[in-house]
Each structure stands twice: as C-alpha cells, then as structure tokens.
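These notes concern the structure reproduced below.
What follows is the structure, given as structure tokens:
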C-alpha cells in the first residue's frame, strides 16, 4: 500500500455510528496511524432517534429521554467530550413509580430492582399482587436452579422463578416496556443476561439480586457525583448535547447526509492503493474503502451484504413500531398531584398507552414554572394499532386514558407526536447465536466489514455507545496488523 491513509466508511449516523467514528479516530491516532473516515447518513440529520426540541420554555425529547446511570459507556464518553458538567439526574422527590392494576394506580414497591424484590416488607404490602401471588414469588427462595444453560424466553424464566402474577403485573410492564416486546418472545440471555447469571451463581433470583444490590452500593462510589443517587441521567439542555459534542469532536470526518448506500462488494483484486472493498451509493457512484462499520437496523443491513449468505438471517429480526405523544398543560389543570416519575400500564389493562412519564416531575429542567409536561408511550409488539390512526385519533385516545387514569380533562397547551415505525428490535430466543453466525460469516467472507448497533446487543444509549466503541476497536486491530 502507498502512503494514503486507510479509508473507513461508517454507515449510519445515529449514536452508534457517531460513537464508532469517534473511537475509531481516537484509537488510530493513539497508534500513530492516519485514517480517513466517511460517515454516511440516509436522513437529513445526525443522531438517529435522538431529537431534542426547545419550545415555549420546555425541553422536549421526541426520541429517547434519558439513559441508565449504572451503565458506564455513556458517562465515559460524556467525560471524554468535556460535557460532564451538563449531566443532570432525576428529581429526588419524584422516586415513586406507579403501575396500573384493575384501573387503579398502585405504587411500585420500594426495593424492586428490575422488577425483582430485594426488600420483603414493601413487597408483601403491595396491592399489585394477591397473597397467593406473593407466596408464589417467595418460592424463588427455595426453588433449585435450572440445570440446563440453554436460552429461554424472558417470560418463561420469570414465571418459572417468581410466578405468573409477578410477571404480568410488575415485570412485564417494567422490562418488556424497554423493548416494547412480548416477554414470551424475548430471549432472557439477550435482554437481561444478568438474570440468567444470577440464577446460575446464587440459585435464587431474589437472593442474588439482593446481594448484587449491596455490592452495587460500593460500585456507585466510582460514579460521578451527579450519578450516585439517580437511576437515570440526561443533559440539562437535552440529549442533543451528546450528539452535538460528537459532531464537534469529529471535525475532520467527512459527513455525508441525505446519502444512501446500496451495496458493499469485496474486490477480486486490490486497487493501486491496496483497498479491499467497493462501496456503492444509491445513485450508482462507487468508492474504494479498506473497511466499514454498518450501524443500521437489521433489515437495512442485510441488503448491503448480499455476498455474505449468513447476513440474510438479519431479515428475520422483527421490529416493533412505537410512538410517543407529548402533552403540555398548565399545572393548575392537574386534578391529582404528579408525585412521582410516572405510570406503567401492563398489557392486561388493555390501555392505549403503555406508559406515561410525568416528565416535568421527573426532570425539573424540562418545563417552565407553573407548567406540566407529560410523555405518553404507545405501541408494542402485538399492539400496533396506532399505525392505522391519524394523529388526531392518537391524541384523542391518549387523552381518554389520561382522563380516566389521572382525571385530566383540560385542553393541552400543545402536543408533539413522534412516530417510530419498525424502531424496536426484538431479540428472540437464541438471538445471540444468530448474531454470532452473522459475524462469523462476515469475518470469513468480508473481513474488515463490521455490523453493530441496537439490533445486536442492547437498545439503550449506553449499549449503543459501547457497541460502537467495541466495533471500532475491533476494526482498528485489523487495520493496524503489521
């Protein structure tokens, strides 16, 4: 190869792609290697689902609204970008979360960690479960661990350990809500691998989670001060802060928006610069590259990699379609005190909304004084009726639920709807084996081409950043082999 720098394409300008480009540049610089990075985005903006809107003094997240403080990748990147002083946690006076049961709001028992009880007293007092349901959950303390280490569904796992009531009334709205999925269709190893590990190590899920919680108190000492007493974090000016920080840090990257890639081909023989692959743009133009990181939905990745038979399996990954409806009100229009972070609506309640975040109570920076901001979630696997509704019909259905559950009859000051069709990847049982087959096929037939993102190992923002970093480092190790 001549003196030209390596040329890498990052396809997909969401948080995973931006993070991959950032860590790729950083790692190559640390090795003293030059690299040209082209970041290609089909839409007209970067950041993927992240979209912060400033309106009438409100800070509104139309996409994701926060991230888990206990997952370090987001905080580490924030520090590297010099944005740590912009972080903010949840309102310490809004720790309550409610779950709908029998058309009544019940406070989620204190001491629940991912739906698993770690404090017996509050759990035994909750009105969410019958006495029989509580007794069944307590059997987890006595039941042996499952001998097989094969994957199983999240629903089957939790029902086996804690019983049907805990699953449907607490775990399903809390855990399946993260994926907008069906617990009986989601892989426990792919969604909550810590559950499987806890059973194998401690036998009892309750005992294992209780011990982990105590250890977690020690681990939290390493977190920045703002993250020590909050489960979730965001930025004072919205999540757009991290996107802007990444774009600014990538000042020497070639950004291409409104641009689509249609295929990647392996060259039969390297060109004069030693490049191995041909990138084909939607308009037919081509470009030679040394490698690529593809950070797109699974269904958009597969068509780019027709030369890798295993990549066709990505088309089998299902996606749920979701939306959120944001409503602003005057505070004096509220009938009840919004004294927590919001409510969850289990499938069994047959509501249009799956959850409602009391945004202005949970995040004090999001609304002017005397105003209220609510964010309602709609859609999940098996219930995507909103796709056939007009925006007016969606708002009407959301307001009906808010009236019946919270007594809100006032006209909202304004509404904002974000539609996200085919946005939530569903990880079926044995999902991790599928991912391994796809990556093994790529490594064998197109080394230097990597796939990553929410379709693979986690949908949260820290998960996406971690995957972007790991993928970047894997590619750097290939590009710098002497």
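Residue numbers (UniProt numbering): 1 to 482.
Even glycine gets a Cβ: it sits at the ideal position worked out from N, Cα and C.
The structure displayed is predicted, hence computed values, not measured ones.
- Per DSSP, residue 404 is one residue of the alpha helix (DSSP H) stretching across 391 to 406.
- CA-CA distance, residue 415 to residue 455, rounds to 30 Å.
- In chain order, 44 place their CB closer than 6 Å to the CB of residue 258, counting only its own chain and leaving out the 5 sequence neighbours on each side.
- The beta carbon of residue 435 sits closer than 6 Å to those of 456, all from its chain and outside the five residues before and after it, given in chain order.
- Measuring C-alpha to C-alpha distances from residue 439 to each of 201, 429, 460 and 453 identifies 453 as the nearest.
- Under DSSP, residue 232 shares a beta bridge with 68.
- In the displayed model, residue 380 falls within a strand according to three-state DSSP.
- In this structure, 263 is the residue among 269, 303 and 263 with its C-alpha nearest to the C-alpha of residue 286.
- Here DSSP, grouped into helix, strand and coil, assigns residue 9 to strand.
- Per DSSP, reduced to three states, the secondary structure at residue 456 is helical.
- The segment 365 to 384 and the segment 174 to 191 touch, with three or more beta-carbon pairs separated by less than 8 Å.
- As summarised for the segment 71 to 122, the continuous beta strand (DSSP E) elements at least 3 residues long and confined to that stretch are 87 to 89, 96 to 101 and 104 to 107, given in chain order.
- Secondary structure of residue 320 (DSSP, three-state): strand.
- Here DSSP, grouped into helix, strand and coil, assigns residue 59 to strand.
- 9 Å or more divides the Cβ of residue 317 from the Cβ of residue 15.
- Rounded to the nearest angstrom, the Cβ distance from residue 205 to residue 140 is 5 Å, consistent with a contact under 8 Å.
- Taking C-beta atoms as the reference points, residue 327 and residue 412 count as a pair closer than 9 Å.
- Secondary structure note for residue 188: its alpha helix (DSSP H) is the uninterrupted segment 188 to 191.
- Sixteen is the threshold: when 16 or more other Cβ atoms of the shown chains lie within 10 Å of the Cβ of residue 37, as they do, the residue is buried.
- Per DSSP, residue 341 is one residue of the beta strand (DSSP E) stretching across 340 to 344.
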